[in-house]
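First the structure, in the form of structure tokens, and then the observations on it.
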Amino acid sequence: MKIAVASGKGGVGKSMVASALAMLFAKERGIVAVDCDVDAPDLGIWLGMGNLGKGEKISTSEKAVIDYDKCIKCGKCAQVCRFGAMSFDGKPELLPYLCEGCGACEAFCPVGAIHQEDVKNGEIITKKTRYGFPLVTGLLYPGETGSGKVVTELKQRAEKFEHDLMILDSAAGIGCPVIASLNGVDYAVLVTEPTPSGFSDLQRVLEIVNHFKVPYGVVINKWDINKGMSKEIEKWAGEKMLGKLPFDKKVFVSVSELRPIMETDSAVVPEMRGLFKRLGDRL
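For the working numbering, count along the sequence shown from 1 and bump the result up by 7.
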């Protein structure tokens, strides 16, 4: 079974919830945790692991390469590149940080002077946590593309570990890494906060969840900073409500000290245990 923790908006407590659920589930069954936020992975921090070190370089994207011996300097490649990655001033020149590897320049080159080559666009780091389960983390290199494909590769690597349950900590937003995270999961835990942007982005990510026909539950984090909006979200969610977590400054202290929230006396802890029980009942 795969459970994804998603949010839409960033900074609502998604990784905190994912780390807590991973620790709680690990006491009952074999799990593997996957940090799918390949632009800014932080699940390891919430699990008290700090710097994870270097990982295995991977290639999930391509970039164009020009063979100037064949090039006839027609400029067709620059005309068809919708990303502006091919400039032309007498001869074509690739701007690598704009290239998406779509292959249009290769397809339209009349003399076959352009081809696509794999690039090392990221890395995968696998570490065993002190709670007995592995953490699989991906990192997309700055300026590179293919975040969704890196997430797909992460999920495939995680499948190689013996497990009953996979916890996926999705990225914020509704882009490629989020789509790749939610594709094929069995349940989604959607975390929000009682703010207009938090509620709006929750509804946006729900469109992806519904597209994949994934059952879901809603969690309101820091519910007591805006009780009126929390009540509005709770009414909107109805039977999909999983739980509410209070605002507690001890959360910020614990993460800065690399202490998982479930090992503290934060007011979040008992509410998280209740959320975990309700989630277990639904699963």
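C-beta: ideal position from N, C-alpha, C; glycine also.
Extent of the continuous beta strand (DSSP E) to which residue i belongs
| i | result |
| --- | --- |
| H122 | 121-126 |
| M93 | 93-95 |
| M23 | Premise fails: M23 lies in the alpha helix (DSSP H), 21-32, not in any beta strand (DSSP E). |
| K80 | That residue, K80, is in no beta strand (DSSP E); it is neither H nor E in DSSP. |
| V226 | 223-228 |
| L50 | That residue, L50, is in no beta strand (DSSP E); its alpha helix (DSSP H) goes 50-53. |
Expected contact under 8 Å - CB spacing of residue i and residue j to nearest Å
| i | j | result |
| --- | --- | --- |
| I10 | Y194 | 5 Å |
| A114 | P99 | So it is not a contact: roughly 15 Å between Cβ atoms. |
| V247 | Y223 | It should be noted that the sequence gives Lys, not Val, for residue 247. About 6 Å; that satisfies the 8 Å criterion. |
| P48 | T159 | Incorrect: roughly 16 Å between the Cβ atoms, too far for contact. |
| I181 | R211 | 5 Å |
| A111 | L102 | Contact doesn't hold; Cβ gap of about 15 Å is too wide. |
| S14 | V198 | 5 Å |
| I227 | I215 | In fact, because the Cβ distance is near 20 Å, the residues do not count as touching under 8 Å. |
| A27 | A40 | No, A27 and A40 are not in contact; Cβ-Cβ is about 11 Å, not under 8 Å. |
| S177 | V12 | 6 Å |
Those residues which DSSP pairs with residue i across a bridge
| i | result |
| --- | --- |
| D176 | V12, D42 |
| S68 | V126 |
| P141 | K135 |
| L147 | G129 |
| I73 | I121 |
Spatial distance of residue i from residue j (CA atoms)
| i | j | result |
| --- | --- | --- |
| F140 | I79 | 56 Å |
| S154 | V118 | 32 Å |
| E151 | I65 | 12 Å |
| F254 | L265 | 19 Å |
| T202 | N233 | 7 Å |
| F32 | I38 | 7 Å |
| I52 | M23 | 10 Å |
| V185 | Y104 | 22 Å |
| F259 | G20 | 11 Å |
| V196 | G205 | 15 Å |
| V126 | K77 | 22 Å |
| L161 | P277 | 32 Å |
| G97 | E107 | 23 Å |
| D42 | F95 | 40 Å |
| K229 | K135 | 30 Å |
| E200 | D288 | 24 Å |
| L50 | L290 | 23 Å |
| L146 | S273 | 30 Å |
| S188 | K83 | 37 Å |
| D74 | E124 | 12 Å |
| D171 | G235 | 39 Å |
| K34 | A120 | 58 Å |
| G89 | N58 | The displayed chain sequence assigns Arg, not Gly, to residue 89. If you take the alpha carbons of R89 and N58, they lie about 38 Å apart. |
| M8 | V221 | 12 Å |
| E130 | G62 | 6 Å |
Residue i - DSSP class collapsed to helix/strand/coil
| i | result |
| --- | --- |
| I215 | helix |
| P99 | strand |
| E63 | strand |
| M56 | coil |
| G250 | strand |
| T159 | helix |
| D231 | helix |
| P267 | coil |
| V105 | This sequence places Leu at residue 105; Val is not what is there. Looking at L105 - three-state DSSP - the assignment turns out to be coil, as it is neither helix nor strand. |
| A47 | coil |
| F206 | helix |
| F259 | helix |
| C84 | helix |
Delimiting residues of the alpha helix (DSSP H) encompassing residue i
| i | result |
| --- | --- |
| K242 | 234-244 |
| V185 | 183-189 |
| A195 | Run containing A195: none in the alpha helix (DSSP H); it sits in the beta strand (DSSP E), 194-199. |
| L282 | 275-289 |
| C112 | 111-115 |
| F168 | Where F168 is concerned, there is no enclosing alpha helix (DSSP H), given that its DSSP letter is neither H nor E. |
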